[in-house]
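Peer 1: Protein chains in written order, with our numbering: chain A, 364 to 491; chain B, 2 to 366. Ideal Cβ positions, reconstructed from N, Cα and C, are used throughout, including at glycine. In this text the structure is predicted, and so the values were computed from the model without any measurement. To start, I am sharing the structure in question, which I have written as structure tokens.
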């Protein structure tokens, strides 16, 4: 069974989102998603400062055999992309909720975060 | 409704990621694709390939029948096997296949799972007046393959056959783990290895024996994902990706299995002969990514802003730690070292035409 931490919000497209004390949001892909994809061998992240629109593709994860987009959970701007993934994309597999985060977001509208899926709602989508 | 192979319950018990492929529920990977791939390069891996199709062709006219249907020469010695294309009259490819000559008048054709129905209709419609009996044994036949530098040592624990006497692309009929089998030294990985064609009912016993004896060699079950990266690393084509009805074996650089020099007549010969004389407008080449990015099936290739080809297979190559692929490019751009660009999501990254195999340290190729 994959892990779904209780202190995060989620999307239907298998991203997790964490709100920091400064109001920025950190996102990554869920344990369920990384398990489905298998070893991530390359990550394509958006440039810092880039505009994000909720639901739009904002980057790509490449596994050995497949490539999958990931999607912005909210509107906003890219505050930071995880530079560590450039040299070690496997962090997404080994620590998807920690060192394997993808981007940090400066949200345009704080209320969009509250409307994301709860762990229980996501658990139903992930089939657990 | 997708079919299960006789080893389906083994894959479930091993926790495999199972997906429908060519009408069968197949193990795509058991755990890590990269580890499965490297196990075959360094030790030994076991594959369930029971989805493959098997047609038996028997009778006095078997050799003549196959020579009329296949691009390669069917007149090999009994006990030997060969790879071939099977073409339409327009030189497009019906399928690529391995054919084992079990005896003078007895051949086993092994075809791609995705093509079983189409091939069966094609093969049987060409029997005409030939003295042959053709049977579709796909459902009754299972295929367990062991591949890797340790494959022979492992096989020697499962059979009393003299394995040294089985050359590459040769086979014997004998016993594996007490079960009747065609034991063939063939494969699709670039490594030494054996393929055991057994009765479907015997497949679980053979699989279990392979897994048990394989423990001493660190055997790993290998899914279709690593099967694909293994074949790509050595530049083998895959039907449906790199070859199909719209491609000819000469375009796909399979000229070595197209016998035009002899008086052998076969379906597609006239068009192939013309193609050989005139050259084809495109050729399948190896591609190596020089920048950061992974080319995939459908990635378009450019040179100086002009579209010059398309990628038909592409992946990260686990034993090389770089991205490679196969693709068709315009005639004139097929020389190794030719610089091209691949369009990956709107970004142009440099790729170069490369000789195949990409991976050159394999134990068989």
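1. By the DSSP assignment, the beta strand (DSSP E) with residue 470 of chain A in it spans what residues?
2. If we count the other Cβ atoms within 10 Å of its Cβ and call it buried at 16 or more, is residue 142 of chain B buried or exposed?
3. Going by C-alpha to C-alpha distance, which of A/410, A/373, A/457 and A/428 sits closest to residue 316 of chain B?
4. So, under 8 Å CB-CB, residue 459 of chain A and residue 397 of chain A are touching, yes? Tell me the CB distance rounded to an integer number of Å.
5. Less than 8 Å between C-beta atoms, sequence neighbours within five positions excluded: which residues of the same chain meet that for residue 440 of chain A?
6. Would residue 293 of chain B count as contacting chain A if we go by Cβ distances under 9 Å?
7. Give the residues of chain A in contact with residue 270 of chain B, contact being defined as C-beta atoms less than 9 Å apart.
8. Closer than 8 Å by beta-carbon distance: list the chain A residues that pair up with residue 319 of chain B, in chain order.
9. Please state whether the Cβ-Cβ distance between residue 195 of chain B and residue 153 of chain B is less than 9 Å.
10. Whose C-alpha, out of A/389, A/378, A/430 and A/477, is nearest the C-alpha of residue 445 of chain A?
11. Alpha carbon to alpha carbon, what distance is there between residue 430 of chain A and residue 39 of chain B?
12. Any Cβ of chain A within less than 9 Å of the Cβ of residue 243 of chain B?
13. Report buried or exposed for residue 456 of chain A, applying the criterion of at least 16 other Cβ atoms within 10 angstroms of its Cβ.
14. Closer than 9 Å, CB to CB, is residue 423 of chain A near chain B or not?
15. Compare the C-beta of residue 157 of chain B with all C-beta atoms of chain A and state if any pair is closer than 9 Å.
16. Apart from the five residues on each side of it in sequence, which residues of its chain come closer than 8 Å, Cβ to Cβ, to residue 18 of chain B?
17. What does DSSP give as the partner residues of residue 46 of chain B in its beta bridges?
18. Can you tell me which of A/435, A/408 and A/406 puts its alpha carbon nearest to the alpha carbon of residue 420 of chain A?
19. Which residues bound the beta strand (DSSP E) around residue 434 of chain A?
20. What are the start and end residues of the beta strand (DSSP E) that includes residue 476 of chain A?
21. With 7 Å as the limit, tell me which residues of the stretch 34-45 of chain B have their beta carbon closer than that to any beta carbon of chain A; keep them in chain order.
22. Buried or exposed for residue 188 of chain B, please, with buried defined as at least 16 other CB atoms from any protein chain shown within 10 angstroms of its CB.
23. What does the Cβ neighbour count give for residue 216 of chain B, buried or exposed, with the cut at 16 atoms within 10 Å?
24. Is residue 95 of chain B closer than 9 Å to residue 123 of chain B when the C-beta atoms are compared?
25. Ignore the nearest five residues each way along the sequence and tell me which others in residue 367 of chain A's own chain have a CB closer than 8 Å to its CB.
26. How big is the Cα-Cα spacing for residue 245 of chain B and residue 200 of chain B?
27. So, under 8 Å CB-CB, residue 403 of chain A and residue 425 of chain A are touching, yes? Tell me the CB distance rounded to an integer number of Å.
28. May I ask you to list the residues that DSSP assigns as paired with residue 18 of chain B?
29. Measuring alpha carbon to alpha carbon, tell me which residue in B/174, B/252, B/164 and B/237 is nearest residue 358 of chain B.
30. Can the beta-carbon of residue 49 of chain B be found closer than 9 Å to that of residue 144 of chain B?
31. Please classify residue 314 of chain B: is it buried, with 16 or more other beta-carbons within 10 angstroms of its beta-carbon, or exposed?
32. Reducing DSSP to helix, strand and coil, say where residue 267 of chain B ends up.
33. Could you check whether the Cβ of residue 413 of chain A sits closer than 9 Å to any Cβ belonging to chain B?
34. Would you list, in chain order, the members of the stretch 428-459 of chain A that have their beta-carbon closer than 7 Å to a beta-carbon of chain B?
35. Of all the beta strand (DSSP E) runs that stay within the bounds of the stretch 387-455 of chain A, which reach a length of 3 or more residues?
36. At the 9 Å Cβ level, is residue 465 of chain A part of the contact set with chain B, yes or no?
Peer 2: Based on what the coordinates show:
1. Element bounds for residue 470 of chain A: 466-470.
2. With 16 or more other Cβ atoms within 10 Å, it is buried.
3. Per the Cα distances, A/428.
4. Indeed, because the Cβ distance is near 5 Å, the residues count as touching under 8 Å.
5. Counting only residues of its own chain and dropping the five nearest sequence neighbours on each side, residue 440 of chain A has a CB closer than 8 Å to the CB of 412, 413, 414, 415, 468, 469 and 471.
6. By this cut-off, residue 293 of chain B is an interface position.
7. The premise fails here: residue 270 of chain B is roughly 37 Å from chain A at the closest Cβ pair, so nothing lies under 9 Å.
8. Simply 427.
9. Contact flag set, yes.
10. Comparing Cα-Cα distances from residue 445 of chain A to each of A/389, A/378, A/430 and A/477, the minimum goes to A/389.
11. For residue 39 of chain B and residue 430 of chain A, the gap between their C-alpha atoms comes out near 21 Å.
12. No, no contact with chain A.
13. Buried, because 16 or more other Cβ atoms sit within 10 Å of the Cβ of residue 456 of chain A.
14. Cβ-Cβ to chain B under 9 Å: yes for residue 423 of chain A.
15. Chain A has no Cβ within less than 9 Å of the Cβ of residue 157 of chain B.
16. Counting only Cβ-Cβ distances below 8 Å, and skipping sequence neighbours, we find 28, 29, 30, 31 and 224.
17. B/148 and B/221, per the DSSP bridge assignment.
18. Closest by alpha carbon: A/435.
19. It spans 430-434 - the beta strand (DSSP E) in which residue 434 of chain A sits, taken as one unbroken run.
20. Annotation for residue 476 of chain A: no beta strand (DSSP E) segment contains it, though the alpha helix (DSSP H) segment containing it runs 474-477.
21. Answer in chain order: 34 and 35.
22. It is buried - the Cβ of residue 188 of chain B has at least 16 other Cβ atoms within 10 Å.
23. Exposed, by the Cβ-count rule.
24. One thing to note: residue 123 of chain B has its Cβ within 9 Å of the Cβ of residue 95 of chain B.
25. Same-chain partners within the cutoff: 373, 393, 394, 395, 482, 485, 486, 489 and 491.
26. C-alpha separation (whole angstroms): 30 Å.
27. Between residue 403 of chain A and residue 425 of chain A the beta-carbon gap is near 7 Å, inside 8 Å, which marks them as a contact.
28. Beta-bridge pairing links residue 18 of chain B to B/30.
29. Of the listed residues, the one whose Cα sits closest to residue 358 of chain B is B/237.
30. Against a cut-off of 9 Å, the Cβ pair of residue 144 of chain B and residue 49 of chain B comes out as a contact.
31. Residue 314 of chain B counts as buried, since no fewer than 16 other beta carbons sit within 10 angstroms of its beta carbon.
32. Residue state, collapsed to three classes: coil.
33. Taking Cβ atoms only, chain B never reaches closer than 9 Å to residue 413 of chain A, which makes this a no.
34. Legend: CB atoms of the stretch 428-459 of chain A lying less than 7 Å from CB atoms of chain B belong to residues 428 and 430.
35. With a minimum length of 3 residues, the continuous beta strand (DSSP E) runs that stay inside the stretch 387-455 of chain A are 388-392, 403-407, 420-426, 430-434 and 439-444.
36. Residue 465 of chain A does not count as touching chain B.
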